[in-house]
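Numbering (the numbering used here), first residue to last: 92 to 1028.
Where is the CB? At the ideal position from N, CA and C, for every residue including glycine.
One structure below.
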């Protein structure tokens, strides 16, 4: 008969996990003695005994985890920390099992069925555990459940739950385990990575033996295919790029789960997931096994620190956590790079290494004919697409539909083939064989100055960059393989480089590659619906390769001490001749890189109704061809920043700036005088209102000042006239109108109300209370003391009906604010709760006062960290400073708000007095810092 296990000895405990100085983490013998003592002390008093049991186990867990964290902080070894945490948890479970089996449900004469083996599964089964990870357990039974087994398991689970642990569990017989693995891949994986903790070892060994014989043998190809497909699906859910600036350290591309996938496959094939054992199996070289361990150690260090910091299971490295993580991991700032940016660059380089290891692993599996080789031939045949069946090339061959090297000496003989491999694959629309990619990685040292200065090599690279096929895909392949950063060292400096802000969603290298992809899509027409002007213009530019090179280089100087636009211009002047561009082409690329932000800045932060804005921008651009290339580059740049950054409204602003500037540069009809334009606007309005009597029409025309007629189109003239007439007929002092536009993704709110200096502050405050961000404001006054203001807010709902209802709610809040029914300052202050993501950033407050950018107004530009009510506070401050606001341009770049106001003093003059300008600057800086809160709504 089977007897219950005796109290474990230290040597038995250490056999499962190899832990340095285990007793310093948790003394299993001492813990068992403590539990035995508390049983004797409280025997007969179940409630007291349970309280004492929980307290003892809780203190053991707390002390063990604290020691694991101390070691992590001291030595930085993440894998060891995860092992230590798993060991602490093992010991608690073992002690609890012994306590339950010996003192609570002792089986005096156990039958063959009264046996239990406890196995760890999931990440815990691999012997690694995050500080806040779930505890996944499998209770293995011989063939059926018994009352004794049910009581044992129930008692243990309730204790573990009462300890505050998140325990996932399953109770199955060996037969059930084997049967379920054949139909459920999740259960199959859990059995594969199961690790014996305690109980009946013979029972666990039998499960393992049957699993390998009945499930593993012969089923490798399907398992591997399923795991790799599961990985791809996970990447899609977590974000397909490994260069998202808020990555998921567990499930993201290049994260721990990718290493786990390698572990599962290796365990299935070789019975071990140890990197050292994979060297013996011929899967990895010793160097690659070392890289595996380094990557795993780093990712576990990040994950453990993350859990210790937050006390929860989340694995996404959000902005508000990255800075503290960088400090805990010991990073330091260097030059213009903050320590958080250096930490995240290291993270992305590790993620890239994980991708390399995955490709190497798959190459070996294919070589051993274990992994199913991906083929698209059947699908392509259905589409009528034919692929080459052979190459007339001495260095490369077609290997099961993919480009492979003829032997391992190819790159040594001809280093230029490190580029030709990718060019050949891209031009024939083929994949590259993993064996070839593995050899590329091992041959990167061959990319030296001799190859970099080889005209043929540079011509190959330029051909790939400007490819009419898939330039984004080939650039990404070059980057993933490490070739791109070696061949273009300036690009190598920004590989994995992130910018610590909420605006950019990707690392700099990924952003540049995506921008080239957007450019290619514009050229092919797939984005023509969103960007009709850019799609039309891209076929008119004089030199497409200039545009492709400029897009590829526009942010290449990020992370340096100097401005990245100036640094990028310098790099372009040095690099373009090497790539084979002429002097004229080089100058154009350098100009585009230097000025790649100009069009975006003018469009979003200047008043396009002020003709001086158009003149200033035209003086920068100077030629129609540059203007065409600049708008296309700007579109590609903004779209490649990340999801949701591009909006139809930004497109509308860029198109307006383009169409206003183009005639100035091409000799168009820009000589029409202001009075002629004004007369034309009046004539069009008269023709469009045939039902009005002459006196009413002329009175209405005289009611609006010249800027209104010159800067508003006819459609809006008519819409405004209808709204005003309806309001006055109904005797209403305040009128609002809503217009939605799905193409620009902007909703337009027009407000007609009595004018007063504080009106814009009330409007912005009402929008803030209603949760609507203002993107732009157009402000007009009438000769009879009324204001006609238009606010543009970003669309929130896809359906027009839903968006209109939401906009009407905003208008209702505006009416309440203007009639004094809501106290704006108090409501905004009550609702202002800085989000944790925003609080992670600091934005240097800036106030710039400019009298040169407008002939009529002083332009005040304010930069600060965005928050609820930021615009309201600024407009309220401008009111208190006795300034009239003519127009406002509102822009937000992640956490950074940039608000531009065109203002005059109360007499309509510019602000020229030096002391007055200093007073305005100091007051607005105080507002940005939150130091000025006076003023009632």
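Identify every residue that forms a DSSP beta bridge with residue i.
| i | result |
| --- | --- |
| residue 425 | 428 |
| residue 563 | DSSP output for residue 563 lists no bridge partner at all. |
| residue 488 | 495 |
| residue 230 | 209 and 262 |
| residue 826 | 843 |
| residue 523 | 494 |
| residue 407 | 339 |
Whole-angstrom Cβ separation of residue i and residue j, contact assumed at under 8 Å?
| i | j | result |
| --- | --- | --- |
| residue 1032 | residue 443 | Residue coverage of the chain in this structure runs from 92 to 1028, which leaves residue 1032 outside it and unanswerable. |
| residue 542 | residue 506 | 5 Å |
| residue 716 | residue 633 | 5 Å |
| residue 366 | residue 383 | 4 Å |
| residue 182 | residue 240 | Actually they do not touch by this definition, with Cβ atoms about 22 Å apart. |
| residue 205 | residue 237 | 5 Å |
| residue 489 | residue 551 | Wrong, their Cβ atoms sit about 20 Å apart, outside the cutoff. |
| residue 919 | residue 1011 | About 22 Å separates the two Cβ atoms, so there is no contact after all. |
| residue 884 | residue 827 | Their Cβ separation, rounded to whole angstroms, is 13 Å, which puts residue 884 and residue 827 out of contact at 8 Å. |
| residue 185 | residue 110 | No, residue 185 and residue 110 are not in contact; Cβ-Cβ is about 14 Å, not under 8 Å. |
| residue 387 | residue 170 | 5 Å |
| residue 660 | residue 681 | 5 Å |
| residue 991 | residue 913 | Not quite, the Cβ-Cβ distance comes to about 27 Å (not below 8 Å), so this is no contact. |
Cβ atoms of residue j and residue i: under 8 Å apart, would you say?
| i | j | result |
| --- | --- | --- |
| residue 891 | residue 833 | yes |
| residue 727 | residue 609 | yes |
| residue 177 | residue 213 | no |
| residue 647 | residue 603 | yes |
| residue 712 | residue 752 | yes |
| residue 259 | residue 188 | no |
| residue 937 | residue 698 | no |
| residue 874 | residue 820 | no |
| residue 553 | residue 723 | no |
| residue 264 | residue 233 | yes |
| residue 851 | residue 868 | yes |
| residue 228 | residue 207 | no |
| residue 168 | residue 392 | yes |
| residue 286 | residue 216 | yes |
| residue 555 | residue 982 | no |
| residue 731 | residue 684 | no |
| residue 688 | residue 825 | no |
| residue 355 | residue 283 | yes |
| residue 566 | residue 607 | yes |
Got a sec, what are the start and stop residues for the alpha helix (DSSP H) residue i sits in?
| i | result |
| --- | --- |
| residue 634 | Taken as a continuous stretch (DSSP letters only), residue 634 belongs to no alpha helix (DSSP H), as it is neither H nor E. |
| residue 628 | 623-628 |
| residue 64 | In the structure displayed, the chain extends from 92 to 1028; residue 64 sits before or after that span and is not available. |
| residue 1011 | 1005-1019 |
| residue 393 | 377-401 |
| residue 547 | 546-556 |
| residue 720 | 715-730 |
| residue 710 | 702-712 |
| residue 787 | 785-794 |
| residue 988 | Run containing residue 988: none in the alpha helix (DSSP H); it sits in the beta strand (DSSP E), 987-995. |
| residue 941 | Here residue 941 belongs to no alpha helix (DSSP H); instead the beta strand (DSSP E) covers 937-941. |
| residue 983 | Per DSSP, residue 983 belongs to no alpha helix (DSSP H); it is in the beta strand (DSSP E), 975-984. |
| residue 604 | 599-615 |
| residue 589 | No alpha helix (DSSP H) contains residue 589, which DSSP labels as neither H nor E. |
| residue 351 | 347-361 |
| residue 575 | 574-578 |
| residue 757 | 739-757 |
Could you give the residue range of the beta strand (DSSP E) that holds residue i?
| i | result |
| --- | --- |
| residue 953 | 949-956 |
**OP:** Write down every uninterrupted run of the alpha helix (DSSP H) in the stretch 831-907 whose length is 4 residues or greater and which is fully enclosed by it, in chain order.
**Re:** 850-860
Original post:
Which ranges would you report for the alpha helix (DSSP H) in the stretch 636-696 if only whole runs of at least 4 residues count?
Top reply: 655-670, 674-685 and 689-696
**OP:** Identify every run of the alpha helix (DSSP H) within the stretch 155-205, keeping only runs that are complete inside it and at least 4 residues long; order them along the chain.
**Re:** 169-190
Subject >> Whole beta strand (DSSP E) elements within the stretch 233-260, 3-residue minimum >> reply: none
Subject >> beta strand (DSSP E) runs contained entirely in the stretch 256-309, provided each spans 3 or more residues >> reply: 258-264 and 286-290
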